[in-house]
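Here the working numbering runs 158 ahead of the position in the sequence shown, where the first position is 1.
Cβ coordinates follow ideal geometry from the N, Cα and C atoms, glycine included.
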Amino acid sequence: MATLTHDQPATASRQNGAGSNNTYDLIVIGSGPAGQKAAICAAKMRKKVAVIERKRTIGGVCVHTGTIPSKTFREAVLYLSGLRQRTFYGRGYAVKDQIAMQDLVFRSDMVMGREIEVIKSQLRRNRVTVYEGNGRFLDDRTIEVSSEEGYTTLRGNYFVIACGTRPAHDADIPIDGKRIFDSDQVHELQELPRELIVVGAGIIGLEYASMFAALGVKVTLLDQRPILLDFADREIVESLCFQLRQLGTVFRLGEKVVSVGFDEERDRVFAKLESGKTVHGAALLYAVGRRANSDLLNIEAAGVVPDGRGKLIVDENFCTAVPHIYAAGDVIGFPALASTSMEQGRLASSHIFGRAMNIPANLIPYGIYTIPEISMVGATEEQLTRDKIPYEIGIARYAELAKGQMLGDDQGFLKLIFDPASLKLLGVHVIGERAAEIVHIGQAVIALGGTIEYFRDTVFNYPTLAEAFKVAALDGLNKL
Ligand SMILES: Cc1cc2nc3c(=O)[nH]c(=O)nc-3n(C[C@H](O)[C@H](O)[C@H](O)COP(=O)(O)OP(=O)(O)OC[C@H]3O[C@@H](n4cnc5c(N)ncnc54)[C@H](O)[C@@H]3O)c2cc1C
């Protein structure tokens with residue numbers, strides 16, 4: 159059995175878990191963000207910890223096919239397409255004329271390689287033993303790890319299941335990884351398609367749609383839902399749609415896809431819609447959601463019952479119905495972000511070993527890395543209206559900020575939502591350059607129960623995008 163890092167290496171090809179060497183205070187299944195942080199948190203409390211990872215390399219979807227590659231791909235798109243520079247140098251400007259997939263993927267591969275080294279080193283430093291193989295429960299305290307090299311049985315006092323998700327496939331969708339592909343396969347594409355159909359306008363579908371559109375690919379976005387990102391601020395979503403249309407994206411919302419296939423004669427892929435229309439393209443990205451990997455764990459042997467979509471149900475401490483088995487990360491569902499998964503892993507371990515903490519839901523930020531970027535924290539206008547809570551808003555437009563001008567973003571804006579009586583900050587919504595960075599200023603003020611007077615009375619570096627908070631606060635105060 160291969161161990162990637164070890165303080166108690168397993169040696170034989172079939173081992174018995176009865177020995178104390180293979181008994182751990184905590185066994186974590188999966189080495190994505192949730193698993194890593196659960197393991198390290200427990201190791202820091204001097205617990206004996208093992209991580210089981212079935213892939214040959216550490217890091218989970220986050221490092222291999224999700225967050226890290228997609229966000230690095232985005233940076234490469236922004237750089238090579240010269241999109242932001244076009245405000246100054248004209249619509250035809252690009253750093254590289256013929257951008258190939260290899261140019262984009264090259265950067266991702268480098269960043270992924272470095273991230274893997276960082277994670278391995280963190281686990282090694284914290285003396286976490288990593289077992290390479292597929293973990294499956296034999297009973298609620300015993301796990302068998304199988305790999306090409308054999309089997310090892312491990313015993314655990316506690317478990318954190320952080321096995322993540324994979325793209326949801328439909329038997330009728332002929333995914334070949336070349337012309338019809340899912341989000342895990344984007345980076346394996348040999349060439350950039352001239353036209354792309356994206357089925358599924360969730361976060362992943364939208365992010366990739368905008369990246370390909372920024373590269374000059376003609377994108378058609380299909381979704382049966384009539385509105386995009388229903389949890390986000392409507393004005394922000396409208397602005398996103400406007401800017402994506404400017405990049406040539408065609409939206410077909412409220413349209414159900416009934417079949418997808420390959421037209422041999424025309425050498426094109428197609429998506430047939432319930433409304434009778436057929437959309438053609440050179441390639442198709444199928445991004446209709448993800449399914450939990452809990453079906454790979456023989457989880458029933460441990461007494462844990464997943465829901466119909468494989469998700470695990472946990473309480474506020476991330477504990478399943480079995481008191482010594484916890485679950486964290488994408489396998490427990492929404493919000494299914496690397497950022498929240500890490501925190502859930504940490505919180506699960508903290509609870510197990512008696513140092514319970516929590517994260518207030520209103521402080522979780524969301525970053526959507528479309529082009530343009532979106533980020534938000536706290537309440538939306540829609541939520542407050544629904545809950546009959548009075549509010550006022552203040553807006554700062556990037557076009558009015560010197561830094562916005564310098565960066566070539568004249569469409570971005572930041573919206574503050576606040577209580578008109580107490581002036582307490584209730585929500586922050588941003589679209590535009592570095593939205594996901596600057597939103598944290600608002601997050602800190604909400605966390606500390608602050609008012610928008612803080613922004614009015616604080617000197618910000620100039621020129622910065624952070625200055626948007628001051629401009630928006632003044633705008634809001636002027637309305638009272
Ligand atoms: C295209 C894309 C873009 C994304 N962008 C962002 C973003 O910008 N920001 C953000 O915060 N989030 C983003 N996410 C989400 C983020 O990647 C996930 O939320 C995060 O990876 C979930 O972490 P996790 O630890 O729950 O699971 P994962 O990262 O999925 O890791 C689970 C691990 O468990 C292993 N495993 C599964 N079953 C077994 C088993 N039986 N035995 C052993 N090992 C097993 C798997 O091999 C995998 O390595 C993105 C996701 C995708 C797909």
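Opposing strand residues paired with residue i [DSSP bridges]
i	result
Ile526	Ile532
Ala429	Val418, Val437
Phe295	Ile301
Arg448	Pro325
Ala208	Ile185, Thr287
Val318	Val186, Tyr484
Ile592	At residue 592 the sequence reads Arg, which differs from the Ile that was named. According to DSSP, which records beta bridges pairwise, Arg592 is partnered with nothing at all.
Arg410	Leu380
Phe339	Leu443
As assigned by DSSP and simplified to three states, the class of residue i
i	result
Ser279	helix
Ala485	strand
Tyr556	helix
Thr436	strand
Ala496	helix
Lys561	helix
Cys399	helix
Val462	coil
His587	strand
Asp381	strand
Ile198	helix
Ile216	coil
Tyr657	Nothing in the structure corresponds to residue 657, since the chain is present only between 159 and 638.
His222	helix
Asn520	helix
Lys546	coil
Val480	coil
Ile641	Examination of residue 641 is not possible in this model, given that the chain is present from 159 through 638 alone.
Leu350	coil
Val645	This structure gives no information on residue 645, because the portion of the chain shown stretches from 159 to 638.
Leu241	helix
Leu236	helix
Ile257	coil
Lys582	strand
Given residue i as reference, the closest of the options once Cα atoms are compared
i	options	result
Ile210	Arg614, Glu302, Leu296	Glu302
Glu558	Glu550, Leu572, Leu281, Arg426	Leu572
Asp388	Glu539, Val629, Arg212	Glu539
Ile457	Gly363, Phe409, Asn292	Asn292
Val357	Val427, Arg212, Val219	Val427
Leu386	Thr528, Ala626, Arg299	Thr528
Val416	Tyr484, Val408, Ala429, Ala201	Ala429
Ala441	Ala496, Lys376, Glu413	Lys376
Leu470	Phe295, Ala485, Lys229	Ala485
Ala201	Gly570, Arg282, Ser580	Arg282
Ala326	Tyr316, Gly240, Asp391, Asn451	Asn451
Arg194	Ser507, Thr609, Lys414, Gly308	Going by the sequence as given, residue 194 is Gln instead of Arg. Here the closest residue by C-alpha is Ser507.
Ile394	Leu574, Asp267, Gly607, Ala367	Leu574
Leu521	Asn475, Gly461, Ile589, Val603	Val603
Glu445	Lys206, Asp465, Glu422, Val418	The residue asked about is misnamed: residue 445 is Ala in this sequence, not Glu. Ala445 has its Cα closest to that of Val418, out of Lys206, Asp465, Glu422, Val418.
Arg352	Gly217, Ala367, Thr609, Gly360	Ala367
Asp340	Gly634, Thr223, Thr287	Thr223
Closer than 7 Å: residue i CB and nearest ligand 1 heavy atom
i	result
Asp488	yes
Ile210	yes
Pro191	yes
Gly224	yes
Arg544	no
Gly322	yes
Cys220	yes
Asn180	no
Ala506	no
Lys278	no
Lys639	Nothing can be reported for residue 639: it is not among the residues displayed for the chain, which extend from 159 to 638.
Ala557	no
Gly360	no
Arg294	yes
Leu495	yes
Ile187	yes
Tyr527	yes
Leu442	no
Ser433	no
Lys229	yes
Ser499	yes
Asn451	yes
Any chain B beta carbon closer than 8 Å to residue i
i	result
Ile333	Chain labels in this structure do not include chain B; a single protein chain is all it has.
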